[in-house]
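Below is one structure, written out as C-alpha cells; comments come after it.
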Amino acid sequence: IGRALRVSRGVEAGNLSVNSHSSVRYWTPFGGFKQSGLGRELGPDALAAFTDTKNVFISTED
Numbered sequence: 509i510g511r512a513l514r515v516s517r518g519v520e521a522g523n524l525s526v527n528s529h530s531s532v533r534y535w536t537p538f539g540g541f542k543q544s545g546l547g548r549e550l551g552p553d554a555l556a557a558f559t560d561t562k563n564v565f566i567s568t569e570d
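This is the structure in C-alpha cells:
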C-alpha cells in the first residue's frame, strides 16, 4: 500500500489500481486533464462537461 500511495503522489493524472485490473467506476470522473481529451467522462462531472445551461421563457398571457 505504501508504494501505491507514493506512486499516486508522483503522477499528475490517470488511474492507479492495486491488485485489480481496473478501479474505474461509473460515478468516478475520468479524463480531461490539461489540454487532452474533450472533458470529463463518467460521474456527475460528465454532465457539466457535455451540457450547457439553457433557459426558455414562454409567456402564457394573450
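Each residue of the sequence shown is one higher than the last, beginning at 509 in this note's numbering. The beta carbon of each residue, even a glycine, is placed where N, CA and C say it ideally should be.
Whole angstroms are fine: how far does the CA of residue j sit from the CA of residue i?
i: arginine 514; j: leucine 524; result: 11 Å
i: valine 564; j: isoleucine 509; result: 52 Å
i: threonine 559; j: proline 552; result: 11 Å
i: threonine 561; j: threonine 568; result: 23 Å
i: arginine 517; j: serine 528; result: 19 Å
i: glutamate 520; j: alanine 512; result: 14 Å
i: aspartate 570; j: leucine 555; result: 37 Å
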